Each structure stands twice: as structure tokens, then as C-alpha cells.
Amino acid sequence: MAAAASDLLTGWCLFGLALLAILIFCWVYVRKYQSRRESEVISTITAIFALAVALITSALLPVDIFLVSYMKNQNGTFKVWADANVSRQIEDTVLYGYYTLYSIILFCVFLWIPFVYFYYEEKEEDDGNTCSQVKTALRYTLGFITVCAVLLLIGAFVPLDIPNKKNSTEWEKVKLLFEEFGSSHGLTALSFSISSLTVIGMLAAITYTAYGMSALPLNLIKGTTSASYERLENTEDIEEVEQHLLRIKSKCRDGRPLSSRDRRTLQQLEERLRTLRRRERHLESIEKSWWTKACEAIRPLKIVWGVFFIIVALLFTVSLFLSNLDKALHSAGFDSGFIILGTNLTNPLNMLLPVLQRVFPLDYILITTIVMYFIFTSMAGIRNMGIWFFWTRLYKIRRGKTRPQALLFLCMILLLIVLHTSYMIYSLAPQYVMYGSQKYLVQSNKTVDGQPRNVTLVSKDCDADAPEDQCIVTRTYLFLHKFWFFSAAYYFGNWAFIAVFLIGLIVSCCKGKKSVIEGEVDDDDSDMSDELSVYYH
1 MAAAASDLLT GWCLFGLALL AILIFCWVYV RKYQSRRESE VISTITAIFA
51 LAVALITSAL LPVDIFLVSY MKNQNGTFKV WADANVSRQI EDTVLYGYYT
101 LYSIILFCVF LWIPFVYFYY EEKEEDDGNT CSQVKTALRY TLGFITVCAV
151 LLLIGAFVPL DIPNKKNSTE WEKVKLLFEE FGSSHGLTAL SFSISSLTVI
201 GMLAAITYTA YGMSALPLNL IKGTTSASYE RLENTEDIEE VEQHLLRIKS
251 KCRDGRPLSS RDRRTLQQLE ERLRTLRRRE RHLESIEKSW WTKACEAIRP
301 LKIVWGVFFI IVALLFTVSL FLSNLDKALH SAGFDSGFII LGTNLTNPLN
351 MLLPVLQRVF PLDYILITTI VMYFIFTSMA GIRNMGIWFF WTRLYKIRRG
401 KTRPQALLFL CMILLLIVLH TSYMIYSLAP QYVMYGSQKY LVQSNKTVDG
451 QPRNVTLVSK DCDADAPEDQ CIVTRTYLFL HKFWFFSAAY YFGNWAFIAV
501 FLIGLIVSCC KGKKSVIEGE VDDDDSDMSD ELSVYYH
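In full-length UniProt numbering, the protein residues as written are 1 to 537.
So this is what it looks like as C-alpha cells:
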């Protein structure tokens, strides 16, 4: 009993260290991208807090899996201390942890982040009256609160029971799991709201993460163009534009007015010249920077990382494809949300994670790596594409040059993507997310001349055929599949994710090298953050 308590204490201590690491990472991450000129304390704290809550929520997944696995021995028997009451207490602790964090996420998404965003939007238009800015921000935020209230009401009264196929024992098992999860309308309402946000996170992952998984490694492999070469080309462009300007201005030396066409051309050329001179300053700064010289020195290491990341991306894609194919072939169908309780087509990650889970904390490390990989690839996708509203680009994400509003948008998107990460990990390793490394005992009968002999008990990995009292399903799995229609949406979203990744891979392969100041200086800067980057100094 003392050894079990010591091991559990060690697990929670590691979880505490993970929390500290998450807070440090979020602070560095936000500070890296926020504008040095337009930095705001409230937006910075809001962004760090929102991103940290999302990452802490994802950190609960391996804790949940570890706890249900730790209750049983490798031979399939329960440990002495893991009686029914203790097991239920542990499960409830994890469940309450999830609902606490999910409630905070709802608060951030529907109240705090919108309020801070609209407050700074009003601050740019009216610098005088703070009270007026707060009132206007609250008025706009009221719309988000209304949406949240509608989702909670729908979740409280939406029927969970749907018509199912006759003689479908698998669906009956799913319903029993739902009944075990509880029938509280308050918790169901929260589950529905979080699942709705997870669907939005799925759309963000399809848009940004899938493309970033191909763009990030290929950009590392191909590298960027030389700063000195770009500067030489830029100088030639400046000379060409200046000569063109002189030719147009020479037309009015004798006092004749320029035609409307020449005036438009003159205006365009002057704007082009200002952009080229800004590029010249950035290129000169980068060419003299110690950071550029350091990047050139570690160029072989970047290529190695790029190859590693593309291998990981292909591994994820293959695992996701096999998992979805397994659901397509062996699940109970659309009416059950394509839920599958066993694994018929295994995949590399589904085999690897249960093995690592036996050696604590190797699975923690792998899960953390997967989450961080999704974060970095999502960030690569957002930085390459920018933040768009349909066909209108709202903001660009730049190191050291991101406005407070864009920073809030960035953390909102990352929060939703990380929220969807739990289901992505389930899709990659369903057996691991459901049961961890649990086993249960089954009777093995040996027959001699038709007579049963030597009845023995052998251990078997937990699956859908296991007795209900022999295998404990994680709270994460039950929460993810409380509503069948969300599970169906996730299933089709996985196919879309695979398709976007393959399209992004083709596009990234066809593109040439990126400019060394890619996205730093453009003619159509939508966020008006035209300041000399201090990142390279």
C-alpha cells in the first residue's frame, strides 16, 4: 500500500513539473511572437493563461491512462489497494479535473478572450474614455455569452439515445459505458459545449496543422535563400523603380500635368519603392546578424530535423489512415458515430504506446512530444497562411511583430487545436486511450480426448469482450464519445485531415526556397506592424 502511494505521489509530482514546464513554455512562446511596440500586459497574460490551460488539459490524458493502468497488475489481477471505492474515487478525481479545466476553457473562449479582443479594438479607435471602451467590449462579448448559453441548453436536453441496429452487441456495450459515465444534465451540457469547440478545433487542425505538418519539415530541408543574394536582387529592383519614376516625372518638367494613368502608376511605384527600401533595411540587418551566422552553422542539423519531422508526419498519417479504415470496416456504422471498441487493424503508434506505458514515464514523454509536434506544426501552418476570415486575411503572425489582437486570435486557435488533440491521439492509438496497458483473466481449457483438462487462467489485453468489472475505461474516452454525432464528425474530419496533408505535401514540394525575410515585409501588410524586427539582433 505504501509503495502504491509512493508511486502515485511520484506520478502527481511529475504532473506538477509538467505544469511548471507548460507555464514556462507558454510565457516564452507568447513573448517570442508579441509585438515589442504594441505589447499589452492584459493581452499577454490572457494569451499565456489560455494556452497554458489547453496544454494542462492535454497533460491530463496520460495521467488518466496511467491511473487506470496502475490499478491492475501485469497478470490481469487488481492490486490489493484498488478496491471498488478507491477505483471510483480515482476516476472521479480525474473526471472533476477535466470538468474544472473544461469550464475554464469555456470561460476563456466565450467571455475573457472576446472581451480583451474587443477592448483593444475599441482602444485603437477611441483612446480617451476607458469606461466607454469597456461597455462596448462587454456589448460585443454578450453575443459570445449567448452562444455559450445556447450550447449549454442544447447539451442539457439533447437526447443521447438514437435508433440502433438490431442485435448490435457492440452498440449495447457503448450504451452501457455511457450509463456508467453518468446522466447528470449539467455535466452533459458542459460535455456538449466542449465537444462543439472540439469540432471547431478539428476544422482549425484541418486548415493549419495538416498543412503545417508538410510545410515545416520541407522548409527546414530546403532552407532559405541567401541574404546577400536577395539584397543584390533588391538593389537592382530599387534602381529599376527609381529609373521608371524619373521617366514619369520627366513628363511634367515643362509644366504639363500628368495623365490620370501616369498619376496612378507614379503612386504605385512610390509605394513599391518604399517597400523595397524596407526590404533593404531588413536584409541589411539580417546579413549582419549573429543569428544568421548561427543558422548557417547549424544548417546540417536543420536538414536532419526536417527529415525526422517528415518521417513523423508520414507515421502519423499512416496510423490515422489505418485507424479510420478500421472504423470504416468494423465499426457499428454512422448511427454509433463509427465507434469501435476493439482494434482489428493495428497501427505503429497503437502498438508502441502500450509498450512504453509499462515503463513510467515514457508514454508521458511520447504524448508530450506528440502535443508539442501538433503545436509547432500548427504554428508553422498559421505563420505560412496567416489568420483568415473566409477570403479576407485579418492578421499575420510574425516573430516580435504580432499585434495584441492577432496574438489573442493565435492563442484561441491553438487552444481549440490542442482541445482536439485528445481525439487525434485516440484516433492514432485507440486501444491505448481506452484501456492503457490493462489486462484481464480468461479461462483456458485444454481438452484431451474430448474431455476438459487443466483449466488455467491466462491474461489477455483489455478489449470489448472483457467483462465490465475487469477493465476500467478511461474518463477521456467516455467523454470524447458521449455524443455519437460528434464522433461521426471527427471520423469524417480525419479523412479531410489526411487529404489536406497530402495536398499540402504536394504544394510544399513544388514551392521553391523561402525568402530569408518571408512575411516580414509585404505590400499588403494587413496588421500595420511595419517595424524593424528586433528578433535578429
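A virtual CB, placed ideally from N, CA and C, is assigned to each residue, including glycine. Keep in mind that this is a model prediction, so the values were computed, not measured.
Is the beta carbon of Y208 closer than 8 Å to that of I413? In contact: I413 and Y208 (Cβ atoms closer than 8 Å).
Under a three-way DSSP split, which group does F483 fall into? The answer is coil: DSSP assigns F483 none of H, G, I, E or B.
What three-state label does DSSP hand D469 in the structure shown? Note: D469 maps to coil in three-state DSSP.
Cα-Cα separation, L505 to I375: Just so you know, the alpha carbons of L505 and I375 end up roughly 18 Å apart.
Along the chain, which unbroken stretches of the alpha helix (DSSP H) at least 4 residues long are found entirely within the stretch 31 to 91? Within the stretch 31 to 91, the complete alpha helix (DSSP H) runs of at least 4 residues are 41 to 70.
Determine, using beta carbons only, whether V199 comes closer than 8 Å to chain C. Judged by its chain identifiers, the structure shown contains no chain C, having just a single protein chain.
Span of the alpha helix (DSSP H), counted from its first residue to its last, around A286: Reading the sequence as shown, one finds Ile at residue 286 and not Ala. Run containing I286: 260 to 288, per the alpha helix (DSSP H) assignment.
Take every Cβ of the stretch 289 to 296, pair it with every Cβ of the stretch 315 to 325, and state whether three or more of those distances are shorter than 8 Å. The answer is no - the stretch 315 to 325 does not touch the stretch 289 to 296, with fewer than three Cβ pairs under 8 Å.
Is it a yes or a no for the stretch 429 to 436 touching the stretch 351 to 364, going by three-plus beta-carbon pairs under 8 Å? The stretch 429 to 436 vs the stretch 351 to 364: in contact.
Got a sec, what are the start and stop residues for the beta strand (DSSP E) I387 sits in? Residues 387 to 389.
Less than 8 Å between the C-beta atoms of F118 and A137, yes or no? In this structure, A137 lies closer than 8 Å to F118 by Cβ.
Would you kindly work out how many angstroms separate the C-alpha atoms of R256 and E239, rounded to a whole number? Taking the straight line from one Cα to the other gives about 26 Å.
Give me the residue from K439, Y491, K514 with the minimum Cα distance to P467. If you compare the alpha carbons of K439, Y491, K514 with that of P467, the shortest gap goes to K439.
On the DSSP letters alone, give me the boundaries of the alpha helix (DSSP H) that R299 sits inside. Start and end: 299 to 330.
Identify, in the order they occur along the chain, each residue of the same chain with its Cβ nearer than 8 Å to the Cβ of I248, setting aside the five sequence neighbours on each side. Closer than 8 Å at Cβ, skipping near neighbours: L258, D262, T265, L266, L269.
Check whether the stretch 102 to 115 and the stretch 398 to 415 are in contact - that is, three or more C-beta pairs closer than 8 Å. Taking 8 Å as the limit for Cβ pairs, the verdict is that the stretch 398 to 415 does touch the stretch 102 to 115.
So who's on the other strand from D461, going by DSSP bridges? D461 is bridged to K439.
With 16 other Cβ atoms within 10 Å as the buried cut-off, status of N494: Buried is the label assigned to N494, since at least 16 other Cβ atoms lie within 10 Å of its Cβ.
Per DSSP, what kind of secondary structure is L106 in: helix, strand or coil? Helix at L106.
Taking the Cβ atom as the reference point for each residue, do residue 577 and I206 lie within a distance shorter than 8 Å? Limits of the chain in this structure are 1 at one end and 537 at the other, which puts residue 577 out of reach.
Using only the alpha-carbon positions, how far apart do I387 and T141 sit? When rounded, the distance between both Cα atoms is 21 Å.
Which residue wins for smallest C-alpha separation from M385, given the options L220, D237, S285, G212? Among L220, D237, S285, G212, the Cα nearest to that of M385 belongs to G212.
Express the C-alpha separation of I48 and V41 in angstroms, rounding to a whole number. One C-alpha to the other measures close to 11 Å.
With DSSP as the reference, label K396 as helix, strand or coil. In this structure, K396 counts as coil in the three-state DSSP scheme.
Return the CA-CA distance between T368 and T421, expressed in angstroms with no decimal places. Near 11 Å, if we compare the C-alpha coordinates of T421 and T368.
According to DSSP, is K513 helix, strand or coil? K513 falls in the coil class under three-state DSSP.
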